[in-house]
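Following the numbering used here, the numbering of the sequence shown begins with -19 at its first residue and continues without gaps.
Structure first, commentary second.
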Amino acid sequence: MMTLQENYQQIVDDHRKYVEQGNTVDYTFRKHQLEKIKKILKDYETEIYDVLKKDLNKPDHEIITTEIGIIHTELDFTIKNLRYWMQPEKVASPLTHKGSKSFIMKEPLGVVLVISPWNYPLQLSLVPIIGALAAGNSVVLKPSEHAPHTSDLLARMIEENFDPSYFSVIQGAVEETTELLKQRFDHIFFTGGSAVGKIVMRAASEHLTPVTLELGGKSPAIVDEDANIQIAAKRIVWGKYTNAGQTCVAPDYLLVQESVKFKLLKAMKKQIKSIFGKNLSQGENFSKIINEDHFKRLVAFLNEDHIVHGGEYNQEKLIIEPTILDKIDWEDPIMQEEIFGPILPVLQFENIEDALSLIKSKEKPLALYYFGENPRMQSQVMEYVSFGGGAINDTFFHLANPYLPFGGVGQSGMGSYHGKASFDTFSHQKSVLKQTTKFDFPFRYTGGTVSSNILKKFLS
């Protein structure tokens, strides 16, 4: 009987042979694989809704907009542009290279490992895989054990429709992931927390394997005094409480100018009821917390002295209703880690410069959202603070644009994907120079004062 390590070694070897034999080079083949994913999503649509409901109690609207819809957008965009992306890119050559042609070829990296999280278990599995397959790689997917129903369905969807030497799924928990990371892949794509991200990066270093790390952090939403308060309230509430706040780019805390704080909080309370309804702790139209440990960690933040809205929860159903905490400062426990739940702490500022300096003094966030109408201040905020990606007068929505690379910076991650950025992430850009044989410049070779003088003129 094979050990886990021997079994995984065999799987990776089979995947490597599949790529090395040239099976994935052809444009038609790659396009067909992407079209197959589109068909699979439709064939298994009823089951997709069912498993996401079981794992996260996701409302149908959220499944459409944050899971299936984003995957279809990514597929359509990639299929439309794939032939162009695959073409060699012609680049200029300097005068010293006269007679030559220079171009960049895009070739597959090889065998890619994708480790996906539980919060958007379908979307965050398939969107990076779309880029990996489009670039001509074979893929091993390790879905999260914390969303078991979705992981089981993903495994079945892939096993029933793809060659196992080309695209396969390995399920399991810590032991399986640890053994899997001992194998030599050509790229590892990980989405999750920074603690596990460090483990992944450490394991990858043993084989000098490049990694893409999509992590998280404390992403701020800033509301300035000239913001459209009603729009800001609606978009912050939507961005924060979708999927019960279990989103890497959800606003982690709110920084509001003190003169508009009361008006904003009042508008946000109204929008919570309007968007998500009432009696949310019963779980009628609101996602649940993924497991009991995560639930208990979040409940510990619910200090009655700070709750200005919400605070109700249902331990049996693992539901915490949308909650706003006021009079919070950076010493409070909730500000010491990424929240990843439906609790929004509120801090206030007197002037925007102080708020930006505060943000800049912390680790670089995955996202930043600024609400204000002054174009000059909008530019200042975007330029002054480093963050992965974000939006002006919106939240969350930037990640659904396939023209925008999505990724973190510093502690919030490295590398990016979505659209062409995904194709580039999973491709090696191979530089090639094609030289003429019709003539040969003598100055490139050693010997003679004439060659040296010519070279000096070129380089001066």
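Beta carbons: idealized from backbone N, C-alpha and C, even for Gly.
From a predicted model like this one, the values you see are computed outputs, not experimental measurements.
Here the alpha carbons of glutamate 284 and proline 302 stand approximately 14 angstroms from one another.
DSSP links proline 74 through a beta bridge to no other residue. Just so you know, the alpha carbons of glycine 387 and methionine 394 end up roughly 7 angstroms apart. By the C-beta criterion, the stretch 106 to 126 is judged to be in contact with the stretch 392 to 406, since at least 3 inter-stretch pairs fall below 8 angstroms. The beta carbon of phenylalanine 329 sits closer than 8 angstroms to the beta carbons of Leu235, Val236, Gln237, Glu238, Ala335, Leu338 from its chain, once the five residues preceding and following it are set aside; these are given in chain order.
Cα atoms of leucine 298 and isoleucine 150: separation of roughly 28 angstroms, rounded to the nearest angstrom. Secondary structure within the stretch -5 to 77: the beta strand (DSSP E) runs of 3 or more consecutive residues, fully enclosed, are 69 to 71 (chain order). As for any beta strand (DSSP E) of minimum length 3 sitting wholly inside the stretch 157 to 233, the runs are 167 to 171, 191 to 194, 200 to 203, ordered along the chain. In this structure the stretch 180 to 197 lies against the stretch 155 to 170, because at least three pairs of beta carbons, one per stretch, are closer than 8 angstroms. For the pair leucine 104 and threonine 53, the CB atoms are not nearer than the 8 angstroms cut-off. Within the stretch 321 to 347, the runs of alpha helix (DSSP H) at least 4 residues long that lie entirely inside it are, in chain order, 332 to 340. It is roughly 21 angstroms from the alpha-carbon of valine 71 to the alpha-carbon of phenylalanine 421. In the DSSP assignment, serine 359 falls outside any beta strand (DSSP E) and within the unbroken alpha helix (DSSP H) covering 355 to 364.
Taken through DSSP and simplified to helix, strand or coil, glutamine -15 comes out as helix. In the structure shown, the three-state DSSP call for threonine 416 is coil. When beta bridges are read from the DSSP output, alanine 153 appears opposite no residue.
For leucine 106, the uninterrupted alpha helix (DSSP H) segment begins and ends at 103 to 114. Residues Pro39, Phe256, Gly257 of the same chain have their beta carbon placed closer than 7 angstroms to that of asparagine 265, with the five preceding and five following residues left out of the count.
Around the beta-carbon of glutamine 316, fewer than 16 other beta-carbon atoms lie within 10 Å, marking it exposed.
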